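Report on the following structure.
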Amino acid sequence: KSINTEKALALPGVHAVLTAADLEPLGLHWMPTLAGDKQMVLADGKVLFQAQEVAFVVADDRYAAADGVAAVEVEYEELPVLVDPFKAEMDGAPVLREDIADQTEGAHGPRRHPNHIFTWESGDLDATEAVLAEADVVAEEMIYYHRTHPCPLEPCGAVASMDKVNGKL
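Going by the numbering used here, the sequence shown opens with residue 1391, and the numbers climb by one from there.
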């Protein structure tokens, strides 16, 4: 419903508190994704997932920033919860992204529903179906994976140390 940054801005050491409303005039409130879609940098009108960022605090140090974050007041409107991707594509399901609700094509092909972003397929579908049609036994299983935030084991990063004695990195 609203984001009040006044108390955070009044704190010593806090220089700015940015929201989507601050980023929008600069054309910086949405960014492209690797899936060919785009996503909000900071929640813009609607928070779509747990812990989605709604504000960004610029401060002298992490302690002032933490105080600034704690002082940001956010009033949320409770919305229907969607945690099952199959139910999210059923008729009558709440639409998550109104900005793309009318799009029938996505970056990776047709969209089945306003909440559908893309389908990822690999392999030879016809050959797979032919093998399964000839199989004596076919086991099907629906596997649900708990909510998680993936973290790569090999991130794109480096650690370096400068040797002050010999000047080598």
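All residues carry an ideal CB built from backbone N, CA and C; glycine is no exception. Keep in mind the model is a prediction, meaning the values are calculated, not measured.
In the three-state reduction of the DSSP assignment, Gly1557 falls in the coil class, being assigned neither a helical nor a strand state. Within the region 1391-1433, the complete alpha helix (DSSP H) runs of at least 4 residues fall at 1396-1399 and 1410-1413.
Less than 7 Å divides the Cβ of Ile1393 from the Cβ of Val1444. In the three-state DSSP reduction, Glu1524 falls in the helix class (H, G or I). Using a C-beta cut-off of 8 Å, the region 1434-1451 makes no contact with the region 1499-1514, since fewer than three inter-stretch Cβ pairs fall below that distance. Rounded to whole angstroms, the gap between the alpha carbons of Leu1401 and Ala1454 is 8 Å.
Val1431 and Glu1531 have their C-alpha atoms some 36 Å from each other. At a Cβ-Cβ threshold of 7 Å, Ala1406 and Gly1458 do not count as neighbours.
Residue environment analysis places Asn1505 among the buried positions, since at least 16 neighbouring C-beta atoms fall within 10 angstroms of its C-beta.
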